[in-house]
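Peer 1: Residue 5 is where the sequence shown starts when you use this note's numbering, and the numbers rise one by one after that.
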Amino acid sequence: MPILQVTGRVIYIYFGRSVDDERVLYCFNTINNMTELLCEEDKITVKRTVEFPPEIQSWDNTTADAHNNLWTAIPEDSTGKFIRLYSIREHKIIKYFYRKDFPKLPAYHPNQRMRVEMHTDFDKQILCNVNGYNYRYDEKQERFVPVPYYLRKYNLPDSAYYQFSGNIKKRDYMVSMTKDFAWRFLVVPQSDGSYKIDSIPNKYFNENGYSVLLHDHNKRAMWFSGQDALYKYNANIKSTYNRNFPTYLRAVYPLYNPDSLSVHEIFGANPNSYWQLPYQQNKLRFEFSAVDFSSKGDIQYRYFLEGNDAQWSGWTAESYKEYTNLPEGVYTFHVQAINHYGFVGQPASFTFTILAPWYRTWWAYTLYAVVAGLLLYALIYLNLRRLRQYNEYLTRLVRERTKEIEEQNQEILAQAEELRQFNDEILAHKEEIEAQRDLLEKQNHEVMDSITYGSRIQNAILPFRDRIEKTLDEHFVLFQPRDVVSGDFYWFHDTNPEDRKVGKAIIAVADCTGHGVPGAFMSMIGNQILYELVIQKHCEDSDIILNMLHKEVRRTLRQYETENRDGMDIGMVVWDKEKHLLEFSGAKNTLVYFLQGEMQTIRGDKISIGGEQREQERIFTKNIINLPTNGEKLTFYLYSDGFQDQFGGANNKKFSPQRMRDLFQQIHTLPMAEQEYTLLHTITQWRNEGQERQTDDILVWGTRL
C-alpha cells in the first residue's frame, strides 16, 4: 500500500535525501516547485513548498551535500555549463561548473549528447559521472578530480551510471544503476572482501516502473517512488522467495463434441493412465494453474507435449494450451509454473492415447493390397496393347521417312556444290582478316608498353619503404593492383623523420574511382594534392586535410561546372608523437585497431572525397585515440574495399567486411611480415577456390606503435 498519495496532475520527477538530516526528502515536480518532506516511522508530512526562480528549468539528476546545497546536472549550453550549485538556505544559484572544470575528459563530437550523473557516496562526497568517466569534488581545491577506478571495488564497470544509497560500514544495502538501467542491491562486504549482488527483492519494483528509490539505513528500508505513490521495502523482514509450490493440471477435454466424453478433472496426479480417445477427437484443450502468494499473481507457465513437441515452450501468462490434429499415438503432457522471482514450481503431467482411424487399421491395409494388385494387372494389360499398336505405327513411319531421305539426298548434293564455291570466297576473306589481326597486335603491344611505363611512374611517386622504416619499425603494406596500374594508392609523410619523439607522421590509404588507367590518373591527382596540402601548406590535422582535399579534387576536376563525378574513398591517420595520440578521419573508409587485445572499429563518414555534393559544405570528423604510455603497443589497419569485396570461396561470394575483421583478430599479434604473408595467402586461396580473377585493386596498411 502507498504511504503517501499524491493527487492532481503534478508529476514528481526527482526525489533526493538531505545529507544534513536523513529524515528530510526533497521532491521536485514538473511545475518547478520543491516540496520538503519529513519522514518519521511510517508517516510522511510536508514541511514546506518552495517555488524556484525562472532561470531554473529542470531538476533532473540532483543530489544534496552536507552543506544543504543541491548539485544538479544540466544540458550543456553554448557557454559549456555542465552543473549548477543551488543553496537551499539562500534560495539561489551560487556557482556553475563548466566543461573546463573536468580535467582529462576525452574529446567528443560537437553533435554528441552529453550524459551527466550527480551522486553522493557513503562518505558524503559529491560524485559526478560525465559520459561514463567518474569525478569527485575536492572541497579543499574547489574542483573536480578524476577517479577512474572508483567502481571496481563494487564489481561494477568503470563507465557505469550509478546511484548510492545506504551505509556499507553498518552492513547495510546500497543501490546501483548500471548501463542497462537495472536497479540492483549490493550487499555489504563478504568475508573474502568481495561484494554479493542480490537483485531478487527489487524485481517487482524494477519491472513495474518504480525507478526512483531512497534509503533509510536506520530502519534498513528502501523507499520506491512512482508517479502517484511511495512504497517502502523493509530489509529486516526475511522472505523466502524459492518456495517449492505445486503446479496443477485442472482439466483435459476434447474441443470438438466434448459432451461425448466425460471431462477429466485432474489435481496434481494422473487418475487414468489409459485414457483413450478416438481419432475424431484429436483436438484437445489442457487447463492448468498454480498458487504462489509471494508473486502478487504474476505466475507464468511452460508446457511440453511428449510425443509431439521437440522441447519446452517459452514462459507465458496463459493458463491453457490447445493442440489440434494430433496423430495417433501415446502422449504425455507436462506443465510447470514459475513465480515472479524466477523460481520454478513442481511439474504436473498427464498421459493419454489417441487411437488410429479406421483407414489405418490392419484390415484396411489388407484391402489396399488387394485393390493395388488388381490395378497393377490392368495397367500391365493395357500397356502391352498400347505397345503393339505403337509398333505398327513405327513400321509405317519408317517407310515414309526412307522415301523422304532419298529426296533430301539429291538436294544435299546440289548444296555441296554451292558450299565449295562459298569456301573459296571465305579463304580470300581469311587472308584479309589475318592482315588486320597483325596490325591490331602491334597496336596492342604499343599500348601495353605505355601502360607498363605508367606503372613505373606510379610506383615512383609512392612512398619509399626506407623513408617509412625511419619512422615506423613495425609495419607492412600489401599493395596488389588488379591491372598493371592501380586506382588505389598509399601516402606517407613524417614532419620530423630524424626524431621519433617530435613531430607528426601522416598515413593515408585511398581508393580512387575506377581501376586501371582511369584510376591511376585519379591516384596521381590525389597524391599531388596531398603533397601540396601537407608538405607545402603544412596542414597536419586529419579532418582539415580531408576537408581541403575534397575541395581541391572538385576544383581540379572542375566538378562545379561539369558532370564529372570522379573522386576517392580515403582513410587517414595522424600520429602525434609528442602528445601520444592518433587522429583518424575517413571518407567511407574504416580504421580497425587493437588495444589490450580488444578490437575497436571507427567507421569513416559516409561521404566521399570529390564527386557529387548536395550539402552546402562537406565536413569530415576527427576521431581521437589515446596511445598507451605503459609500454603497451597499439596495432591498427587501414585498407581499401578491394580485399573484402573479392569474390571467391566455395559459394563464390564476397570475402565480406566481417570475415576481414575476424582475420585481423587472428593475426594482429604476429610479426608484421607474417601478417602480410597471411593476408596475401588468404585472399589468393579464397580467389582460387571460387575460380575468380581479381575483382579490384587490393591495398592494406598495418602498423604497430
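Even for Gly, the Cβ is constructed at its ideal location relative to N, Cα and C. Here the structure is a predicted model, which means the values were calculated and not measured.
#1: Pick from 335, 122, 95 and 93: whose alpha carbon is nearest that of residue 76?
#2: In the DSSP output, what is residue 147 paired with across the bridge?
#3: To the nearest angstrom, report how far apart residue 475 and residue 586 are at their CA atoms.
#4: Assuming residue 595 and residue 575 form a contact by the criterion Cβ under 8 Å, report the distance between their Cβ atoms to the nearest whole angstrom.
#5: Count the other CB atoms, across all protein chains shown, that sit within 10 Å of the CB of residue 664; report buried if there are 16 or more and exposed otherwise.
#6: For the candidate residues 545, 374, 388 and 415, whose alpha-carbon lies nearest to that of residue 626?
#7: Since residue 478 contacts residue 603 with CB under 8 Å, what's their CB separation in whole angstroms?
#8: On the DSSP letters alone, give me the boundaries of the alpha helix (DSSP H) that residue 666 sits inside.
#9: Need the endpoints of the beta strand (DSSP E) that residue 470 sits in, please.
#10: Pairs of beta-carbons, one from the segment 515 to 522 and one from the segment 485 to 500, closer than 8 Å: are there three or more?
#11: Is there contact here, the segment 625 to 642 with the segment 698 to 709, by at least three beta-carbon pairs under 8 Å?
#12: Do you know offhand how far residue 429's Cα is from residue 404's?
#13: From the DSSP output, read off the bridge partner residues of residue 250.
#14: Give the list of continuous alpha helix (DSSP H) stretches no shorter than 4 residues that lie fully inside the segment 364 to 413.
#15: I need the straight-line Cα distance from residue 273 to residue 349, nearest angstrom please.
#16: Distance, Cα to Cα, residue 559 vs residue 497?
#17: Smallest Cα separation from residue 128: which of 136, 135, 142 and 137?
#18: Can you tell me whether DSSP reads residue 345 as helix, strand or coil?
#19: Helix, strand or coil for residue 107, going by three-state DSSP, please let me know.
#20: Taking residue 70 as the reference, give the member of 91, 86 and 624 with the closest Cα.
#21: Please report the Cβ distance between residue 256 and residue 305, rounded to the nearest whole angstrom; I am assuming they are in contact, meaning their Cβ atoms lie under 8 Å.
#22: Would you mind reading off the limits of the alpha helix (DSSP H) that contains residue 531?
#23: Under the assumption that residue 570 contacts residue 593 (Cβ atoms under 8 Å), give the Cβ distance between them as a whole number of angstroms.
#24: Can you tell me which of 283, 610 and 352 puts its alpha carbon nearest to the alpha carbon of residue 309?
#25: What is the rounded straight-line gap between the Cα of residue 289 and the Cα of residue 334?
#26: Look at the alpha carbon of residue 402 and the alpha carbon of residue 411, and state the distance between them as a whole number of angstroms.
#27: For residue 624, which residues from the same chain have a beta carbon less than 7 Å from its beta carbon, with the 5 sequence-adjacent residues on both sides left out?
#28: Give me, in chain order, the residues of the same chain whose beta-carbon lies closer than 6 Å to that of residue 616; leave out the 5 immediate sequence neighbours on both sides.
#29: Would the beta-carbon of residue 480 fall within 9 Å of that of residue 679?
#30: Looking at the structure shown, is residue 446 part of a helix, part of a strand, or coil, going by DSSP?
#31: Alpha carbon to alpha carbon, what distance is there between residue 366 and residue 327?
#32: Check each candidate in 466, 556, 320 and 363 and name the one with the smallest Cα separation from residue 343.
#33: To which residues of the same chain is residue 701 closer than 6 Å at the C-beta, ignoring the five residues directly before and after it?
#34: Just to confirm, are residue 659 and residue 650 a CB contact at a threshold of 9 Å?
#35: What is the DSSP secondary structure of residue 676, counted as helix, strand or coil?
#36: So, under 8 Å CB-CB, residue 630 and residue 584 are touching, yes? Tell me the CB distance rounded to an integer number of Å.
Peer 2: For this structure:
#1: One-based indexing of the sequence shown puts residue 76 at position 72. Of 335, 122, 95 and 93, the residue nearest in Cα terms is 122.
#2: For this step, residue 147 is matched to residue 143 along the sequence shown. In the DSSP output, where bridge partners are listed per residue, residue 147 has 142.
#3: Your numbering for residue 475 matches position 471 in the sequence shown. Your numbering for residue 586 matches position 582 in the sequence shown. The straight-line gap from Cα to Cα measures roughly 15 Å.
#4: Residue 595 sits at position 591 when you count from the first residue of the sequence shown. Residue 575 sits at position 571 when you count from the first residue of the sequence shown. Indeed, because the Cβ distance is near 6 Å, the residues count as touching under 8 Å.
#5: The residue given as residue 664 occupies position 660 in the sequence shown. Residue 664 is buried by the Cβ-count criterion.
#6: Residue numbering aside, residue 626 sits at position 622 when the sequence shown is read from its first letter. When only C-alpha atoms are compared, the closest one is 545.
#7: If you number the sequence shown from 1, residue 478 lands on position 474. If you number the sequence shown from 1, residue 603 lands on position 599. The pair is not a contact, with the Cβ atoms about 18 Å apart (cut-off 8 Å).
#8: As a first step, residue 666 must be located in the sequence shown, where it is residue number 662. 661 to 671 is the span of the alpha helix (DSSP H), which, as asked, contains residue 666.
#9: Walking along the sequence shown from the start, residue 470 turns up at place 466. From DSSP, residue 470 is part of no beta strand (DSSP E) but of the alpha helix (DSSP H) over 469 to 475.
#10: yes
#11: yes
#12: The residue you call residue 429 lines up with position 425 of the sequence shown. The residue you call residue 404 lines up with position 400 of the sequence shown. The alpha-carbon atoms of residue 429 and residue 404 are separated by roughly 38 Å.
#13: Counting from one through the sequence shown, the residue named residue 250 turns up at place 246. For residue 250, which the question treats as bridged, DSSP gives the partners 350.
#14: none
#15: If you number the sequence shown from 1, residue 273 lands on position 269. If you number the sequence shown from 1, residue 349 lands on position 345. In this prediction, residue 273 has a pLDDT of 45, which is less than 50 and means its spatial position is unreliable; what the coordinates show is noted afterwards. Distance between the alpha carbons of residue 273 and residue 349 is about 15 Å.
#16: Sequence index remark: in the sequence shown, residue 559 carries index 555 (1-based). Sequence index remark: in the sequence shown, residue 497 carries index 493 (1-based). Answer to the nearest angstrom: the Cα atoms are 24 Å apart.
#17: As a working note, residue 128 is residue 124 in the sequence shown. When only C-alpha atoms are compared, the closest one is 142.
#18: Translated into positions along the sequence shown, residue 345 becomes position 341. Residue state, collapsed to three classes: coil.
#19: Counting from one through the sequence shown, the residue named residue 107 turns up at place 103. Looking at residue 107 - three-state DSSP - the assignment turns out to be coil, as it is neither helix nor strand.
#20: Translated into positions along the sequence shown, residue 70 becomes position 66. If we check each option's Cα against that of residue 70, 91 comes out closest.
#21: Locating residue 256 in the sequence shown gives position 252, counting from the first residue. Locating residue 305 in the sequence shown gives position 301, counting from the first residue. So it is not a contact: roughly 15 Å between Cβ atoms.
#22: Working through the sequence shown from its first residue, we reach residue 531 at position 527. Where residue 531 is concerned, the enclosing alpha helix (DSSP H) stretches over 520 to 534.
#23: Within the sequence shown, residue 570 is the residue found at index 566, counting from 1. Within the sequence shown, residue 593 is the residue found at index 589, counting from 1. That pair is no contact at about 17 Å.
#24: As a first step, residue 309 must be located in the sequence shown, where it is residue number 305. The candidate whose alpha carbon is nearest that of residue 309 is 352.
#25: Within the sequence shown, residue 289 is the residue found at index 285, counting from 1. Within the sequence shown, residue 334 is the residue found at index 330, counting from 1. Cα to Cα, the separation comes out at about 16 Å.
#26: Reading the sequence shown from its first residue, position 398 is the one you call residue 402. Reading the sequence shown from its first residue, position 407 is the one you call residue 411. Residue 402 and residue 411: Cα-Cα distance of roughly 15 Å.
#27: On the sequence shown, position 620 is the one that residue 624 refers to. Within the same chain, residue 624 has close Cβ partners 547, 550, 551, 589, 591 and 609.
#28: Position 612 of the sequence shown, counted from the start, is the residue given in the question as residue 616. Once the five neighbours on either side are set aside, the close Cβ partners of residue 616 are 569.
#29: As a position in the sequence shown, residue 480 is number 476, starting the count at 1. As a position in the sequence shown, residue 679 is number 675, starting the count at 1. Yes. Within cutoff.
#30: Working through the sequence shown from its first residue, we reach residue 446 at position 442. In the structure shown, residue 446 sits in a helix (DSSP, three-state: H, G or I).
#31: If you number the sequence shown from 1, residue 327 lands on position 323. If you number the sequence shown from 1, residue 366 lands on position 362. Answer to the nearest angstrom: the Cα atoms are 27 Å apart.
#32: Translated into the one-based positions of the sequence shown, residue 343 becomes position 339. The shortest C-alpha separation from residue 343 is found at 320.
#33: Translated into the one-based positions of the sequence shown, residue 701 becomes position 697. Contacts found: 485, 486, 490, 491, 492, 519 and 646.
#34: Residue 659 sits at position 655 when you count from the first residue of the sequence shown. Residue 650 sits at position 646 when you count from the first residue of the sequence shown. Contact: yes.
#35: By 1-based counting over the sequence shown, the position of residue 676 is 672. Here residue 676 sits in helix by DSSP.
#36: Here residue 630 corresponds to residue number 626 of the sequence shown, with the count starting at 1. Here residue 584 corresponds to residue number 580 of the sequence shown, with the count starting at 1. The Cβ separation is near 7 Å, so the contact holds.
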